[in-house]
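Using this note's numbering, the first residue of the sequence shown is number 81, and each one after it goes up by one.
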Amino acid sequence: MVRKGKEIAPDTDNEPSTKNAYQEIDNIPVKVTTKRPNRHVNDLNYLEACRVQREVDARNIRRKENRTVWNTEIIPQYDEYGIRFWNNKHQKYAELARERATTEQDDDIYIRAYIRETLEDPVTPEERIQAERDLRRYPNHPNHKQISWISCTRHYCPQHWQDKVASDCFLVQINEHQEQKPYVIIDTVGYQVTQRYRGSQVAKLEAHTETRERALAHIQNSRHIA
81 MVRKGKEIAP DTDNEPSTKN AYQEIDNIPV KVTTKRPNRH VNDLNYLEAC
131 RVQREVDARN IRRKENRTVW NTEIIPQYDE YGIRFWNNKH QKYAELARER
181 ATTEQDDDIY IRAYIRETLE DPVTPEERIQ AERDLRRYPN HPNHKQISWI
231 SCTRHYCPQH WQDKVASDCF LVQINEHQEQ KPYVIIDTVG YQVTQRYRGS
281 QVAKLEAHTE TRERALAHIQ NSRHIA
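Written out as structure tokens, the structure reads:
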């Protein structure tokens, strides 16, 4: 047996008014609207869209910074002791990558480069084709094999593909390549990637002294024999 409970009249003071949206507060007419719950914040599609948008925004900011740091004029700064300095690490590695190293002195080489994962990412911009003063940079040039893989800007060049894959380092074309002399094989023999600066997309290559000396000696002996 179910007993019927006592009926209580609803308290209309606690219910939102939907009949009259306009009320007066301190004799000032105002419009009252009911706040709707933000249900979509827990929607998986909405969360994924937000994540993608954040990545796109971050990528756009990064591209804007890259356009600035890779295109501005390089003005070296030196302290009172004559030691070069930079305003930040991003500027430092970008400028070093835009300059050609002196390999005769086994200086470190910095290059702007992708790793293979970045290269194959669909959002990565396609490599641009620019006019090169040194025609050996073009893969179809008969003397293209003379240059080092470090100076080959064609990501899928069959001549240098294996070297790039082995080092997981794919050179990105910059404006300075148009005028710079490319590294030839003898310039970079014995060099290997030792550091990556992911934020700047720069790779550092150092000369392994013992390996480099043996390789150079072998090349010199081969020339004498020939």
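Even glycine gets a Cβ: it sits at the ideal position worked out from N, Cα and C. Please read all numbers here as calculations on a predicted model, not as lab measurements.
Minimum C-alpha distance to residue i - residue among the options
i      : options                        : result
Ile191 : Ala129, Ile163, Asp248         : Asp248
Ala211 : Gln239, Arg234, Leu199         : Arg234
Ile154 : Arg143, Val245, Thr198, Arg180 : Arg180
Pro222 : Gln239, Arg213, Lys244         : Gln239
Thr204 : Asn301, Cys130, Val136         : Val136
Ser280 : His170, Phe165, Val132, Arg147 : His170
Thr198 : Asn168, Arg213, Gly162, Val245 : Val245
Residue i, buried or exposed, once every other Cβ within 10 Å from all chains shown has been counted against 16
i      : result
Leu251 : buried
Leu215 : exposed
Ile189 : buried
Arg217 : buried
His257 : buried
Leu296 : exposed
Glu160 : exposed
For residue j and residue i, believed in contact at Cβ under 8 Å, the rounded distance
i      : j      : result
Tyr173 : Val282 : 4 Å
Notebook entry, point to check: On the three-pair Cβ rule with 8 Å, is the stretch 266–277 touching the stretch 285–292?
Noted result: yes
Next item on the list: Jot down the residue ranges of each uninterrupted alpha helix (DSSP H) in the stretch 124–186, minimum 4 residues, whole runs only, in chain order.
Entry: 124–151, 169–178
Next item on the list: Tell me, please, whether the stretch 217–234 touches the stretch 255–267 by the rule of three or more beta-carbon pairs shorter than 8 Å.
Entry: yes
Margin query: Please give the ranges of any alpha helix (DSSP H) in the stretch 182–213, keeping only runs that are unbroken, at least 4 residues long and fully inside the region.
Written below: 196–199
Check: In chain order, which continuous runs of the alpha helix (DSSP H) of length 4 or greater are located wholly inside the stretch 228–282?
Finding: 241–247, 265–268
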